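One structure below.
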Amino acid sequence: MAAASEIHAPGTPQAAIFVEGTSAHWFQHFAVEGGVTAGRVLTAVRTVQQAAGSVNLVIGFGSDMTARLGLESPPGLKPFSEVTGGSGRRAVATQEDVFFWIHSDRHDLNFEVALAARRAVDPLGVLARETPSWVYRDSRDLTGFVDGTENPAADEARELAVIAEGAGAGGSFVLAQRWIHDLDAFAGLPTTEQEQVIGRTKPDSVELEELPANSHLGRVVHTDEDGEEIEIYRRSVPYGTSTEAGLYFLAFTDDLAKIDLMLAAMFGATGDGLHDRLVTFSQTVSGAYYYAPSRETLEGLGLSG
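Using this note's numbering, the letters of the sequence shown correspond one by one to residues -7 to 297.
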């Protein structure tokens, strides 16, 4: 078996990252005790893969776990750090070691995989957090606005989400956050004011002609030195109950600096005196960065690609 750290370009991303249209989702984060061997971790992950079968499964490792498994870390991989700024809010950091994104069109099958995952990893540490989620209406956030309007098409998504070369080639960086919305407060705003907060029209998700600089869209859209828009690939879905609900934000990128920039702008940490109005109505309660290795890298670890 080839050492996973020897595998560079080209690489094939995990297929489940790009499977769109699934309606049921489940996210799990595990913290693994320090003395647990890499072999035991991989045995547990292999068990989860076998339980998943035809259910889509994406596997991610935190920076510490990536090193513990003997993988060569892609440049820029790091634990998620708290983001604070002039907004008075913060992007909370809750970094764990192993991440599973389970998705299909059946909540019951997702549950079975999640249960198998918890049983497999329990002896190694703790299930720090899990979030069953689902698609709401025509892919809308619970605020009623369409989510992911600017998400790229499949071919472009791969270009944006997949590390092209060098260490980690074929893999992706992952941001996983859970946001809790104050739906009652947001619903109390007139629709026109809600649109000013988001930066888009509510019925059909058209960008406002006069985009407020402190709107959500105004804070997350940036361009590089060549004037090209900086983009990431989003796979976010709503979750919750009637008393606590929000958005499970999931994004893939080839460079964590892109996400760092967007979060800094949202939370007022860019020095321009502005922050995203959306954080007035939504707060993070978790946040972590992961590395989703390529299929070849997983195979090098003795896992299924």
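Yeah, the Cβ is synthetic: ideal placement off N, Cα and C, and Gly gets one too. Here the structure is a predicted model, which means the values were calculated and not measured.
- Selection Gly3, Arg38, Pro66, Ala16 evaluated against Tyr282 yields Pro66 as nearest (Cα-Cα).
- Membership of Gln87 in any beta strand (DSSP E) is not indicated, and neither H nor E is assigned to it by DSSP.
- Between Val105 and Ala44, the CB-CB gap stays under 7 angstroms.
- Check the Cα spacing between Ala59 and each of Pro285, Arg192, Ser296: the tightest is with Pro285.
- Restricting attention to Gly62, Thr123, Asp216, Pro144, the CA atom closest to the CA of Trp171 is found in Thr123.
- Per DSSP, Phe259 lies in no beta strand (DSSP E) segment and is marked neither H nor E.
- The DSSP assignment places 48 to 53 as complete runs of the beta strand (DSSP E) inside the segment 18 to 79, in order along the chain (cut-off: 3 residues).
- By the CB criterion at 7 angstroms, Asp97 and Ser15 fall inside the cutoff.
- Here Leu253 really is in contact with His214; their C-beta atoms are around 6 angstroms apart, less than 8 angstroms.
- The DSSP-derived three-state label of Arg81 is coil.
- The secondary-structure analysis by DSSP pairs Ile94 across a beta bridge with Trp18, Leu49.
- Exposed is the label assigned to Lys70, since fewer than 16 other Cβ atoms lie within 10 Å of its Cβ.
- Bridge partners of Glu199 according to DSSP: Arg192.
- Short of 7 angstroms from the beta carbon of Glu199, and not among the five residues preceding or following it, lie these beta carbons of its own chain, in chain order: Gly191, Arg192, Leu209.
- As the crow flies, the alpha-carbon of Thr245 is around 11 angstroms from that of Gly68.
- Between the alpha carbons of Pro115 and Thr39 lies a gap of roughly 13 angstroms.
- Rounded to whole angstroms, the separation of the alpha carbons of Ala112 and Arg32 is 10 angstroms.
- With 16 or more other Cβ atoms from the protein chains shown falling within 10 Å of its own Cβ, Pro230 counts as buried.
- For the pair Ala83 and Phe259, the CB atoms are nearer than the 7 angstroms cut-off.
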